[in-house]
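>
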Amino acid sequence: MEYCDFNKLTWREAVLLLKGDDMLAGVAEKSRVGLFALVTHPGIDKGIILAGLWTQAKAGKAPAKVVYVASSDVEALLIGDKLGTHGVLVNADIGDGQPASDNPITICSARMLLPTIQEMTWDANRTVVVDVHWYPTVEDEILLGHLVTWAGERSREVREGRMDTHVAIILLMTDFVSNRTIEAFDRGLQVNVQGVICSDDPCKDLKIELLRREWETSIGDTILEVLRQDRRVVIGTDDWESFDGLTGENNGEIFGELISEIPSHYVSHDVRTRFEIQQIKESQVIAINPELPYANKIDKLGLVLALGVAPKSPVLNPGIMQVVIKPRELLRCEIRKQWLWSLTSASADGKGVMHARLLTSVSRDELNQREESAENLGPAWNRDFMFLVLAAFENWPSRSMVHMPMRAPANDYVVLEAARRLTVLGCMKKGAGTENIYETTELGKAVMKKYWEEEEDTAKRDFHLAYFLARAQLSQESPIIRRLLARIAALIRIGVDKCFAICHNMDEEKLRRVFPLVIRHRTHAGFVWLALALYLRCEMGGAFTRRVAEEWQNYEGIPLSYANVQQVNTLVTVFEGELGLSPDPPTQAVSNWARQPLEAAQLLSVDRHMMWAWLHRIALFSANPEERQRPRDCVSILPLVVHMEDEPIVVSKVRSYCDRVTTGKGAFYAFYLALRKGSGNRLCADQLTWLPPEAFQEVSDKTGQPWPHVVVQS
Numbered sequence: 038m039e040y041c042d043f044n045k046l047t048w049r050e051a052v053l054l055l056k057g058d059d060m061l062a063g064v065a066e067k068s069r070v071g072l073f074a075l076v077t078h079p080g081i082d083k084g085i086i087l088a089g090l091w092t093q094a095k096a097g098k099a100p101a102k103v104v105y106v107a108s109s110d111v112e113a114l115l116i117g118d119k120l121g122t123h124g125v126l127v128n129a130d131i132g133d134g135q136p137a138s139d140n141p142i143t144i145c146s147a148r149m150l151l152p153t154i155q156e157m158t159w160d161a162n163r164t165v166v167v168d169v170h171w172y173p174t175v176e177d178e179i180l181l182g183h184l185v186t187w188a189g190e191r192s193r194e195v196r197e198g199r200m201d202t203h204v205a206i207i208l209l210m211t212d213f214v215s216n217r218t219i220e221a222f223d224r225g226l227q228v229n230v231q232g233v234i235c236s237d238d239p240c241k242d243l244k245i246e247l248l249r250r251e252w253e254t255s256i257g258d259t260i261l262e263v264l265r266q267d268r269r270v271v272i273g274t275d276d277w278e279s280f281d282g283l284t285g286e287n288n289g290e291i292f293g294e295l296i297s298e299i300p301s302h303y304v305s306h307d308v309r310t311r312f313e314i315q316q317i318k319e320s321q322v323i324a325i326n327p328e329l330p331y332a333n334k335i336d337k338l339g340l341v342l343a344l345g346v347a348p349k350s351p352v353l354n355p356g357i358m359q360v361v362i363k364p365r366e367l368l369r370c371e372i373r374k375q376w377l378w379s380l381t382s383a384s385a386d387g388k389g390v391m392h393a394r395l396l397t398s399v400s401r402d403e404l405n406q407r408e409e410s411a412e413n414l415g416p417a418w419n420r421d422f423m424f425l426v427l428a429a430f431e432n433w434p435s436r437s438m439v440h441m442p443m444r445a446p447a448n449d450y451v452v453l454e455a456a457r458r459l460t461v462l463g464c465m466k467k468g469a470g471t472e473n474i475y476e477t478t479e480l481g482k483a484v485m486k487k488y489w490e491e492e493e494d495t496a497k498r499d500f501h502l503a504y505f506l507a508r509a510q511l512s513q514e515s516p517i518i519r520r521l522l523a524r525i526a527a528l529i530r531i532g533v534d535k536c537f538a539i540c541h542n543m544d545e546e547k548l549r550r551v552f553p554l555v556i557r558h559r560t561h562a563g564f565v566w567l568a569l570a571l572y573l574r575c576e577m578g579g580a581f582t583r584r585v586a587e588e589w590q591n592y593e594g595i596p597l598s599y600a601n602v603q604q605v606n607t608l609v610t611v612f613e614g615e616l617g618l619s620p621d622p623p624t625q626a627v628s629n630w631a632r633q634p635l636e637a638a639q640l641l642s643v644d645r646h647m648m649w650a651w652l653h654r655i656a657l658f659s660a661n662p663e664e665r666q667r668p669r670d671c672v673s674i675l676p677l678v679v680h681m682e683d684e685p686i687v688v689s690k691v692r693s694y695c696d697r698v699t700t701g702k703g704a705f706y707a708f709y710l711a712l713r714k715g716s717g718n719r720l721c722a723d724q725l726t727w728l729p730p731e732a733f734q735e736v737s738d739k740t741g742q743p744w745p746h747v748v749v750q751s
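For the sequence shown, the tail end lands on 751 under this note's numbering, and the numbers increase by one without skipping.
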């Protein structure tokens, strides 16, 4: 459904219209709230837009103050830096730099503004520009709801006769029309939306070169030739390690040092932001995640490698209600953005304008066949959908989603299923009256606190892990159990598969040697328990108190990455602090408590923490002879491909135990840490850990529903 009629104009015509009496100048002259939707092409310099708005504001031809909400922290800082360098902004313009303060001009991201939105001191004389990008985060979705509320209050003041309100809302959309956004502001402000689509298409004049067959093996030489010309390179994927030409014997060591990835991971927001800006300004070769929300000028850019796929994208499949890691074909707007890295980085010399060479896997004909755009991209509607629904009810309690000021859901069914899950998990409870009204519980608030944490990017991007830590914080576990939970969380956060090359070919005697006494009764239980055993052995052996020359070590025939295990060690300290523990005193060093076997009830307590956190990522391994090799996902009931030869679960021992204590004839359940799309659209699960049947009784006790029916999608 279209919520406004768009005028199709050239960029120059669009700018003149935006400045005119019907738009910004009119808002500055008369008390009103103006709502404008501006659709540009990806090559538009947003810094130029902002500079024009600020110049007009200072001349009294637009509301006096300007707020620009950029797509990310990095883009906000890059634009601010650029305008400061060119003298458009001075210190007095920026004021105290706090997004919610009443400064003359504010340039921020949703993440930067949202924490202080409730203390906002903005007056009613400003232009608010929102970069409505393709990859909304939870912060973007929630902030837009608060901006709708703020602008709606200003609009109500105008209707009530207030004469000093001058507010312009500009929805800046790149290469697509976000009807969800326009509808939310239209509903909240009750004013007419004025829309402009820029008809310019710089992509049509770009010279593209199609990649030839087997280009992966020769791309390294191509890049080195560009570097020898003192030019720089952008690779439109962070999966560059899969290219033989960049990781083979000849070039592997060179590119391992040369290539910088954006975004970088496992560091604090501030460190990551500074690092990414430095790489954009200085790095010779930049590998960019294809879902990066911005395209920036790269000085001395000589080559852009633009591929038509996001190779490892976390995609929520509503049909099975699971997040699956899969290759995702980029949409037309995404590919055009990659192409336009070449245009935005064009440089001029005495011979004219020089564009970077553009190598792409997508022809123009194929580009036109791709889907144009979509509203369900980005982490908010994929990896972080559980966080999003929980955050919505945390911010607007006692309201149904349809009565919240935020944008309409990209998928209504996803919201309903997520709310049902969150209720089962104890994060929300149903409110009074309408069945689709919920309130967040103490546990739900603790989970969201994990998400909103800003200092360290620890559990932010994994709902299961945030829930695991929040539940552990609120529990009354003994110090030893909490120390084990902190270690499990740290291992999963860094990635067990990145720390240890765990495989199935370990006999029970070797497992007994690996497992310390504290968890010796879980030698058969699989991935997480074996990783925990290996990590405890590293601690007990003093691995973190001495320098190690080689990156990869070997323990009982299992390769381990010392650098990644060291990161786990650092996170363990962080997580222990969150769980109310101080570092081990000498009398309680790991070498002491890890030599005391846990009782069965204590081990079951750890199992229950893992069960609840990954309750919707559990597979059933049937006892039926025809189904034994075909485990099923408990949510979707679909078959899973599991390569048990690569899993350290001792199946015979697990089945024998379950046969003794249940009526399931040896059927068992295990949760998986990874789910990906395999060949033939099959679902492949791996990194499995067995959960004992005794753990599931708590599910029925707390929810009043039998396991596993409580998790089956409706």
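Built from N, CA and C at the ideal position, the CB exists for glycine as well.
Per the contact definition of three or more C-beta pairs closer than 8 Å, is the region 232 to 245 in contact with the region 97 to 112?
no
> Within 10 Å of its beta-carbon, does residue 324 have 16 or more other beta-carbons around it, so buried, or fewer, so exposed?
Looking at its Cβ environment, which holds 16 or more other Cβ atoms inside 10 Å, residue 324 is buried.
> Can you find at least 3 beta carbon pairs, one from the region 201 to 221 and one from the region 436 to 444, that sit closer than 8 Å?
yes
> When the Cβ atoms of the region 155 to 163 are set against those of the region 120 to 133, are three or more pairs found closer than 8 Å?
no
> According to the neighbour-count rule (16 or more other Cβ atoms, all chains shown, within 10 Å of its Cβ), is residue 495 buried or exposed?
Only weak support exists for where residue 495 lies, its pLDDT of 39 falling under 50; the value from the coordinates is given anyway. Buried.
> Where does residue 685 land, buried or exposed, given buried means 16+ other C-beta within 10 angstroms?
buried
> Grouping DSSP H, G and I as helix and E and B as strand, with all else coil, what is residue 200?
coil
> Considering residue 84, what are the terminal residues of the alpha helix (DSSP H) in which it resides?
For residue 84, the enclosing alpha helix (DSSP H) begins and ends at 83 to 95.
> Rounded to whole angstroms, how far is the Cβ of residue 351 from the Cβ of residue 362, which I believe are closer than 8 Å?
6 Å
> Straight-line CA distance for residue 745 to residue 139?
53 Å
> Please classify residue 742 as buried or exposed, where buried requires at least 16 other C-beta atoms within 10 Å of its C-beta.
exposed
> Who are residue 671's beta bridge partners in DSSP?
Answer by DSSP bridge pairing: none, since residue 671 is not bridged.
> Using the Cα positions of residue 203 and residue 234, report the straight-line distance between them to the nearest angstrom.
So the alpha carbons of these two residues sit roughly 24 Å apart.
> Since residue 370 is in the alpha helix (DSSP H), which residue starts that stretch and which ends it?
369 to 381
> For residue 511, count neighbouring C-beta atoms within 10 Å of its own C-beta (all shown protein chains included) and say buried if the count is 16 or more, exposed if not.
exposed
> For residue 267, collect the residues of the same chain with a Cβ closer than 8 Å to its Cβ; drop the 5 residues on either side in sequence, then sort them by chain order.
337
> Hey, would you say the C-beta of residue 150 is under 7 Å away from at least one heavy atom of the ligand SAM?
This structure lacks the ligand SAM, and indeed carries no ligand of any kind.
> Considering Cα atoms alone, identify which of 310, 311, 320 and 274 is closest to residue 294.
320
> Rounded to the nearest angstrom, what separates residue 751 and residue 454 at their Cα positions?
Rounded to the nearest whole angstrom, the C-alpha separation of residue 751 and residue 454 is 8 Å.
> Counting only runs of 4+ residues fully inside the region 147 to 213, write out the alpha helix (DSSP H) ranges in chain order.
The region 147 to 213 contains these whole alpha helix (DSSP H) runs: 147 to 150 and 175 to 196.
> Would you kindly work out how many angstroms separate the C-alpha atoms of residue 52 and residue 87, rounded to a whole number?
Residue 52 and residue 87: Cα-Cα distance of roughly 12 Å.
> Please report the distance separating the alpha-carbon of residue 409 from that of residue 169.
16 Å
> Got a sec, what are the start and stop residues for the alpha helix (DSSP H) residue 737 sits in?
734 to 740
> Is it right to say residue 129 is buried, meaning 16 or more other beta carbons lie within 10 angstroms of its own, or is it exposed?
exposed
> Using DSSP bridges, identify the partner residues of residue 359.
354
> Secondary structure at residue 723, three-state DSSP: helix, strand or coil?
Here residue 723 sits in strand by DSSP.
> Just curious, the beta strand (DSSP E) that residue 232 is in, first and last residue?
230 to 235
> Curious, which full-length beta strand (DSSP E) runs of at least 3 residues does the region 696 to 720 contain?
705 to 714
> Taking only the alpha-carbon atoms, compute the straight-line gap between residue 257 and residue 398 and give it to the nearest angstrom.
16 Å
> Just to confirm before moving on: does the CB-CB distance between residue 570 and residue 551 stay below 8 Å?
yes
> For residue 345 and residue 277, I'd like the C-alpha separation in whole angstroms.
14 Å
> Just to confirm, is the Cβ distance from residue 456 to residue 484 under 8 Å?
no
> Tell me which residue opens and which closes the alpha helix (DSSP H) that residue 121 is part of.
110 to 122
> So what does DSSP say about residue 572, is it helix, strand or coil?
helix
> For residue 563, which beta-bridge partners are listed by DSSP?
726
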